[in-house]
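Residue numbers (this note's numbering): 3 to 205. The C-beta atom is built at its ideal place from N, Cα and C for all residues, glycine as well. I have placed the structure first, in the form of structure tokens, so that the comments after it can refer back to it.
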């Protein structure tokens, strides 16, 4: 199992406080060209089990986890077992910018398969070191991904609260809330194993 991005000191922001400031700057001061009242955080599925998946497009272990993760969460959502939030973390320089464009994309089309497609496109862009809003927009447009910009401040506020309450300091991480209990899992292996154990859970 790969170590978290936070453990890689040369690749993370110096402290989580700095990361949160960067997150605030991107979300609060970034211009937007459209409006929507959707929010605060887009989620997928109608299940009673609450799942918050914390990943970063620039995190190598997160990228490696994605192919194995997709079929598991797809089955859990189709079976109405979980309600899933993709909680993008602000641990790298351009992470918050990518998170904003994920929100813009799912604001246009809030469907799980589409959200997964957008995540794959953003992972590819991160691998290619796409580092500006203009280049991200071009990369997404090339794949036929449409954007519906909106004011993301309420989403940012909710995400920040989750990050703090869940004490997230590593990616990938996953919070599973079931039957009044909250459990935290870190690393691809533990996350996928924990999600697999939810299969067959009563709706």
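Distance cutoff 8 Å, beta carbons only. Does residue 173 sit that close to anything in chain B?
Any reference to chain B falls outside this structure, which holds one protein chain only.
Between 54, 43, 50, 143, which has its C-alpha nearest residue 180's C-alpha?
50
Whose C-beta lies closer than 7 Å to the C-beta of residue 59 among residues of the same chain, with five residues either side of it excluded?
97, 100, 124, 125, 128
State the DSSP-derived secondary structure class of residue 85, mapped to helix, strand or coil.
strand
Given that a residue counts as buried once 16 or more other Cβ atoms are within 10 Å of its Cβ, and exposed if not, what is residue 140?
exposed
DSSP beta-bridge partners of residue 90:
57
Please list the terminal residues of the continuous alpha helix (DSSP H) segment that includes residue 195.
190-198
Since I believe residue 55 is in contact with residue 87 (beta carbons under 8 Å), could you give me their beta-carbon distance rounded to a whole number of angstroms?
7 Å
Once the 5 residues before and after residue 148 are set aside, which same chain residues still bring their CB inside 6 Å of it?
110
At 4 residues or longer, what runs of the alpha helix (DSSP H) sit wholly inside the segment 142-188?
155-167
Sequence-distant residues of the same chain with beta carbon closer than 6 Å to residue 84, five excluded per side:
47, 49, 51, 53, 78
Compare the Cα-Cα distances from residue 136 to each of 75, 102, 43 and report the closest residue.
If we check each option's Cα against that of residue 136, 102 comes out closest.
In terms of alpha-carbon separation, which member of 61, 203, 198 lies closest to residue 94?
Among 61, 203, 198, the Cα nearest to that of residue 94 belongs to 61.
Identify whether residue 120 lies in helix, strand or coil by the three-state DSSP scheme.
Helix at residue 120.
Determine whether the beta carbon atoms of residue 177 and residue 166 lie at a separation below 8 Å.
no
What do you reckon, are the CB atoms on residue 107 and residue 161 nearer than 8 Å?
For residue 107 and residue 161, no; Cβs fall outside 8 Å.
Residue 118 versus 67, 133, 192, residue with shortest Cα-Cα distance
67
7 Å CB neighbourhood of residue 132 in its chain, flanking five on each side removed:
Hits under 7 Å: 138, 141.
Buried or exposed by the 16-neighbour rule on C-beta atoms within 10 Å, applied to residue 65:
buried
Work out the CA separation of residue 76 and residue 116 for me, nearest whole Å.
12 Å
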